[in-house]
Structures are given as structure tokens and as C-alpha cells.
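What follows is one structure encoded as C-alpha cells, with my remarks underneath.
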Amino acid sequence: MRRQALYDGWTVRAAPGAQVPEEVADRSVPATVPGCVHTDLLAAGLIEDPYLDDNERTLAWIGRTDWVYRSTIVHRAGDDDRVDLVCAGLDTVATLTLNGVEVGRTANMHRGYRFDVRPLLRDGDNDLVVTFDSAYRYAEAHQERLGERPNAYPEPFHFIRKMACNFGWDWGPTLVTAGIWQEISLHAWSTARLATVRPLVTMDGRDGRVEVHVEVERVADVPLTVRAAVAGAHAEVVVPAGQRTAVLTLTVREPALWWPRGYGEQARHPIDVTLHAPDGDLLDSWSHRIGFRSVRLDTTPDEHGTPFSLSVNDVPVFVRGVNWIPDDAFPTRITRARLAERFDQAVAANVNLLRVWGGGRYESADFYDLADERGLLVQQDFLFACAAYPEEEPFGSEVAAEAAEQVTRLAPYPSLVLWTGNNENIWGWHDWDWQQDLAGRTWGRGYYLDVLPRIVGELDPTRPYWPGSPWSGTEAIHPNDPAHGTTHIWDVWNTDDYTRYREYVPRFVAEFGYQAPPAYATLRRALSDEPLAHDSPGMAHHQKAADGDAKLQRGLDAHLPAPADFDDWHYLTQLNQARAIQLGVEHFRSHRDVCAGTIVWQLNDCWPVTSWSAVDGDGRRKPLWYALRHAYADRLLTVQPRDGGLAVVAVNETAEAWTASAAVTRCTLTGEPRAKTSVDLDVPAYSSVALALPAELARPDEGRRELLVAEAGGTAERALWFFAEDRDVDWPAAAWDATVEPIGGGQRVRVTARTVLRDLTLFPDRLDSTASVDKALVTLLPGESATFTVRAGALLDDRALTTRPVLRCVNDIGRTA
371 MRRQALYDGW TVRAAPGAQV PEEVADRSVP ATVPGCVHTD LLAAGLIEDP YLDDNERTLA
431 WIGRTDWVYR STIVHRAGDD DRVDLVCAGL DTVATLTLNG VEVGRTANMH RGYRFDVRPL
491 LRDGDNDLVV TFDSAYRYAE AHQERLGERP NAYPEPFHFI RKMACNFGWD WGPTLVTAGI
551 WQEISLHAWS TARLATVRPL VTMDGRDGRV EVHVEVERVA DVPLTVRAAV AGAHAEVVVP
611 AGQRTAVLTL TVREPALWWP RGYGEQARHP IDVTLHAPDG DLLDSWSHRI GFRSVRLDTT
671 PDEHGTPFSL SVNDVPVFVR GVNWIPDDAF PTRITRARLA ERFDQAVAAN VNLLRVWGGG
731 RYESADFYDL ADERGLLVQQ DFLFACAAYP EEEPFGSEVA AEAAEQVTRL APYPSLVLWT
791 GNNENIWGWH DWDWQQDLAG RTWGRGYYLD VLPRIVGELD PTRPYWPGSP WSGTEAIHPN
851 DPAHGTTHIW DVWNTDDYTR YREYVPRFVA EFGYQAPPAY ATLRRALSDE PLAHDSPGMA
911 HHQKAADGDA KLQRGLDAHL PAPADFDDWH YLTQLNQARA IQLGVEHFRS HRDVCAGTIV
971 WQLNDCWPVT SWSAVDGDGR RKPLWYALRH AYADRLLTVQ PRDGGLAVVA VNETAEAWTA
1031 SAAVTRCTLT GEPRAKTSVD LDVPAYSSVA LALPAELARP DEGRRELLVA EAGGTAERAL
1091 WFFAEDRDVD WPAAAWDATV EPIGGGQRVR VTARTVLRDL TLFPDRLDST ASVDKALVTL
1151 LPGESATFTV RAGALLDDRA LTTRPVLRCV NDIGRTA
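Heads up, the sequence shown is in the numbering used here, so the first residue is 371 and it goes up one at a time.
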């Protein structure tokens, strides 16, 4: 097998059309492959950055234009039986011609294509053209042909097999891309090649078992030999003439296992598969790394309903997850290094699972490899989200082909532990007034309950499949019933206060979230608004959620003092997001005997936007990230309402028992004790214990002037409970002493409280866009100190680091300097 990458020498131009701007019409520009039209036009200086201000609005014409990519490829003829043009990813509706002859057509961003072009290739220069039809024109034509289907947004994303969020979302821009977005190459081969290799890894007691399913494509009807090797085990099989498939079984005695992070090491083992001709010559090879581990999903009904509990290597794993969206609207800008940074942010926040959401893409090999390496579990949605999807042709065949390719491609990765049929579509059919509009037309049910489970069952029975998120486990029970299977909780953001999380004791929360703006430095890079305000033009454009600002304001009104200016508003909205999610996570974890996991919406963003993310579109950590790190800690101490009173709950997600003495004090805002008790914590591995507090601790004398403090020495971060909302607390004016000293690569800021300081947070990015800080949301009682480590490209001004608006707390709201 000889491979020739076709990355160089490409140009792109717009096909004629009235919508094409004059400066772009009839102009060819260099094209980066892999890449897309938007990034090529941006590099050529023909469009403004769509992420800045409201530039996105002026670029809608790109998605309604046909685009022509052209390259001259140099081919040297050999004696190969076949030469294939291999396209790993074309976005999306493409016609390929070689030397003026049509090679093939495509209409699916989520799968690859292979075309035999040997008869068309000339020795020397060859003209390769890939013409992309407008994604809008294609989708709207099928929409008209098949009849409208309801969806969450006024865009036809469900009538084309393309990344749905390209058409905009309530956190994403509408940037409808086109281009050669994955590898493109020529493969020259003879006799036969490895068409697919699919290793299915299971455990048989303490031994590992690998069934290697091989499919060959052949041009010669001769016997072939396939060999496989992994961890010292070898197997060989002959594929007789006329046959195309084979299975090799390898047994590995007591291999080192792959574990999720926090449960053990991430052992991986190289596996090699080779294909040989009758004379023994090597025809093709395939290599990967696999991990030995078992996965089980427990959904056996119990007294609480239907659980949803993942076990790895027969150990139940409480999921501390985050939802993942594409990290950029233009996927080819997402490098392995960028993914590694995002994964490290997830790990540092004590996350153990990433759910790849169904409106994006099947992620890159780097994504799953890094998940394997970091021990992050992956739940992978099939790509359907928030819409009724047609099941007629050509979509039925495309979905089946796409699913088969992706299930096969991702089979080797041990981090992938769950396939999910869709995001919110079964729920939508039940609750979003779809049924009357559909009038009996298809909406995707056949995919989620027939096609996809059948494909997973045939190609990868080692992993569980779940028809949707949310899904109760049966059509007889409402799909979003919290007592059964997985649930999404969105009434909190849309209509209710975040304290409503405490009204749920779900089996598994697969989505819940709360909004906040991105970091200040991110806003300042993206927006030219002067002055910057929550409703200034750029801010308004970068708020995509329906009534988003009104919902943010509702949350502020319920809990926090009124902001006096934008600086207050920015801090308080970020704080409220952190508070909401921390409350929800700690509540759900405190019920771990019923609830088996939470997946927060969302870890990341694809551009600078006000959204539900913990890490913003420029990769900066919002206060939510720090709250998540606390709420997802391996050992969590939390105060929770129970049976009309309060309880201290200790949650232990480690393999060792947690024994400690915890002191619980009811004190005034000045730190004066009013009541105190101590409790002994004895929490077995992977469990929780709730200890009711005496009435004298749970009932304050003056709710506006008191709080509870629960501490367990150095075994966990302390827990706080305030008896009144911040807006109603009798806060003293904030006062502190601060010192700043330089350290290698940054500065150390030490703050000593002279009064209570509620949720003290330092925002060094306001001074230097490269700056970051190691902690946030620190509450100090008088006399207590906290040390913040700031990393930046240069030393920052000491006074600026320790005054408003860089250093903030709740009880400085309204101060002007």
C-alpha cells in the first residue's frame, strides 16, 4: 500500500452568484487542506473575523454559495492494481472530477468516501476539482420534498448530514461551512487491502480477550493471510479465495487493565494487524492501541425506579461529567495541543467523563486517544439533536453507513463506554408539540430504536447503547422521568430558580446548566463596544439564548445585591452561574445512593459567547470551573437540607475509607461562635454518609448575620451554609489587607480579611490577557487569609491586583473604587 497525501497546491473560488460580494467574485485564493472556506477567506483578508462583534451577520452568503476547490496532483504510474482517491471528510455536498471526468458525489460530512481513479490518472499532472454545492440549497430542497419537520431553530440542519451547530445554536454562531475538512489522499495497492479492522475487547475473568474482525477488499481471487498480535498473544487466519471477512481471537493472560481516572492506571497495549499475499509479501497493515476493560450499564429496576449506573471492570463509577461541544466552529483549527489543554482543564476540575453532544461531530482520533491517555470516559452521541429527522432516502442509507463507519472507527478506544442515539429528540416528540405538526411523518424513531441499536449490536456488542438523552428505558415511561434512566433538567435555567435542583433526586442527570458571560479579556478581544454593557450591541449579539439576559437577571434578583455597573454585573453573573451548578452537583452527589452521575452542560465553547460553559471560547476558566473543581472533588463535604433540618453529608469517591472528625460551627459574620458540634466521619470507599445536625446549629438566631462552617481538617475543603440570600445579608463593607510578592513566572497575592469576604475572586485577565489564577470563590472570615498564585507574561501592578475590579467579593458590590 502506497499513500500520497494531497494537501498542497489547492485553491478555492466562489461559483458565480448574485449573493457573492464583488471582492470575492471571480477570485481564486489559496486553500488550506484540511480546512474550510471561511478560514481560507479569512486568511486571504477577504472577510472579517466572524467571531468579532457582529461580523457573523455579514457572512451568511457563504453558506448559500457553491465553492470550487482545485489542485494539480502529480502522479507517477506504477504497476498497482488499484489507485483510490480517499476522502476522509468532505463538508458536505460535493462533486469530484478528475481530469474533467466525474469521479463521484457525496452528501455526508460524517463519513468517508473512496473512489477508484486508476483509469483516470495520467502519468504526471492531473486536475482534481471538488465542487461543494450550497448546504442550504441541498437541505431546503429535501425539506420541500419530504415536508417540514419541527426543530429547535429556524434552520434546516436536520435535512443534511452535517454538523448541526454550523447552522447556529443557543451558544453558537451561524457559520455554514464547506470544504475538504479531513484527510484526502491517493492509496495505491494490489491484490487486496484491509478495508476495516475492528477489535472487540472483553474480559474473561482476569484474562483479556480480543476478537479482531477483519474485512478485506480484493482485486485478486487468491487466499490471503491475516496476522494479529497484542501483548504477547498472536493469531493467524487464512482468508480463502472468494471470502472477504475473517475473525482472529487472541487471549491475553492477566493483562494490565485500563481504568478511568481515579480508579487505577490507564494501561494500553499496541495491537498490530497485517495482511499478506499467498507468497507472504506484506500487502497492508493496521496498528492501534487498545485497553483491556469491561463496561456494564446497570438498568435493573429497583425501589427508586430505573437506575442508570456505569461500571468499569465491575466497579460502579459515579459519573462526574461535562458535556462537550466542538471546540471551534471551524474544526480544522482544533489541534491536538488545544484538545490536550481542554482535557487537562477537565481533569483538573475532577471530571471523569465527557459526553460528546449530538449536534456536533464524531471527534478526531486525537480526541479519543487523549481521553484514553487521561482516563476520561467518553459517552458518544450519534449525531441527532433537537429536531425531528426524516428517515426517508437518502437519509436512511446515509445514517446507516455513517453509524457503521463510526462504530468501527471508534471500537479500539477503551475510553468510549457508551453510545447514545440522540440528544433530546425522543423528549421533543413527547413534549415539544411535534406530533400534530408531523402528522404521521417520520421523525427519527426508527433510527434510535431500530437502526442504531442494531448496528451497535452487530459491530460493537462490547459497549452499551442508550436510545436517547434523556431516555427512561422504555416507551411506556416518559423519556424525561427523573426516576428512570437519564434526565435533563432545564426548567431551572428557563423558568425556575436554581434552588429547584433540590426538588429532584434523579437517577442520572445528563444535562443541566446555567449561563454566564465569558472572561473579561475574552470579551475585550471579541467586542469593540464602548462602553461595554450587558446590553451593548456586541454583548447582545454574543448572547444567543432566548431571553438570555432576562434569565440572567432573574437569577441575580433572586440571590444577589443589585449591580451598580457592568463590572458588578459581570462578576455577579459569573458568580451566580458557579453557585447554581455547585448547588446542583453537591445536592445530586449527596444522594449518590440513588443518583449515579451528573453531566454538567457544558465544559467548553466554540467562540466567545455568553453561555453555560466552564471554560470560555478563548480557553479561559470562568468561576464555574473553580466551583466545579470543588463540587466534583474526590472527597466532598457539604451541608444539605434534610427532613426539615440540616445535615452534613460526606461523599467519598476514592478506593480508601474516609475517616475524620468534622467540626460544625454556627457563627456570626464576624466569626463569633453561637453553637458548635463535632461529628465523626466514617465513609466507606465509593459511598456517602449523611449526619443530621442538632437543631441549635440548623436554626439561627439571626439568619441575616450568621452562617454554618463545617470543616474536616485537611481531608476535604470546608463547607459553608448561609441562612439568607446574599441580597438580604447584613454584609459589612469589605475590608482586607493584601500583599503581593513576585515568584517565578508570576506573583503571589495574599489577602487577609478584616471583615467577612464572601466569594473573594481575583480576575488578573483584566490586567493581562495571558494571566490566570489558581483559585477563586474563596470565602474568608475575619482574620483568615488566602493566597492566590497569578501566572502572567509580565509582572502586574500590585495595587491593581488587589483592588476593584480585579479583586472582588460579594460585599464590595456598589463600591466605585
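Here a beta-carbon is modelled for each residue, glycine too, at the ideal position from N, C-alpha and C.
Here the region 948-956 does not lie against the region 393-407, with fewer than 3 beta-carbon pairs under 8 Å apart. Separation of H800 and A1025 (C-alpha to C-alpha, rounded to the nearest whole angstrom) is 41 Å. For S960, the enclosing alpha helix (DSSP H) covers residues 936-960. Counting only runs of 4+ residues, the alpha helix (DSSP H) found wholly inside the region 407-465 occupies 407-413, 430-433, in chain order. Annotated three-state conformation of V1176 is coil, per DSSP. With a beta-carbon spacing of about 18 Å, V1019 and H674 fall beyond the 8 Å limit used to define contacts. For H674, the secondary structure class from DSSP, reduced to helix, strand or coil, is coil. By the neighbour-count criterion, in which a residue is buried when 16 or more other Cβ atoms sit within 10 angstroms of its Cβ, G827 is exposed.
The residue among D396, A388, W977 with its C-alpha nearest the C-alpha of R703 is W977. In this structure, the beta-carbon distance from R1005 to A1086 falls below 8 Å. Nearest in C-alpha terms to A562, of all of F502, N536, R614, is R614. In the DSSP annotation of this structure, the continuous segment of the beta strand (DSSP E) that includes H583 starts and ends at 577-588.
Counting only the Cα atoms, D736 lies some 13 Å from Q552.
Its Cα nearest to that of G908, the residue N425 stands out among N425, Q374, A395. V769: member of the alpha helix (DSSP H) spanning 765-780, first to last residue. The alpha-carbon of T476 is positioned some 10 Å away from that of G459. If you keep only unbroken alpha helix (DSSP H) runs of at least 4 residues inside the region 1034-1073, you get 1065-1068.
Bridge pairing for D642: A599, S657 [DSSP]. With 16 or more neighbouring CB atoms inside 10 Å of its own CB, L411 falls in the buried class. Of the residues assessed, R372 falls on the exposed side of the cut-off, its CB having fewer than 16 other CB atoms within 10 angstroms. The three-state secondary structure of H848, taken from DSSP, is coil. Taking C-alpha positions only, P1011 is separated from Q947 by approximately 21 Å. In this structure, the beta-carbon distance from D751 to W727 falls below 8 Å.
Relative to the Cα of V787, the nearest Cα in the group W813, V500, W797, V689 belongs to V689. In the three-state scheme derived from DSSP, where H, G and I count as helix and E and B as strand, F882 is classed as strand.
Here A637 carries a coil assignment [DSSP, helix/strand/coil].
Here T572 has R579, S664, T832 as same chain residues with Cβ atoms under 7 Å from its own Cβ, once five neighbours each way along the sequence are excluded. Contact annotation: R531 and N478 have beta-carbon atoms nearer than 8 Å. Distance from the CA of T968 to the CA of V862, rounded to the nearest whole angstrom, comes to 15 Å. Beyond the five residues adjoining it in sequence on each side, D1138 comes within less than 7 Å, by CB distance, of A1162, G1163, A1164, L1166 in the same chain, given in chain order. Cβ neighbours of P1134 within its own chain (closer than 8 Å, five residues either side excluded): A1141, S1142, V1143, V1160, A1162, L1166, L1171, V1176.
Proximity of the region 896-910 to the region 875-884 falls short of the contact definition, fewer than three beta-carbon pairs being nearer than 8 Å.
The Cβ neighbour count for I859, taken over all protein chains shown within 10 Å, is at least 16; the residue is labelled buried.
A residue is called buried when at least 16 other Cβ atoms come within 10 angstroms of its Cβ; D975 meets this threshold and is buried.
Assignment of beta-bridge partners to E606 by DSSP yields R597. DSSP places Q750 within a strand segment (E or B) once states are collapsed to three.
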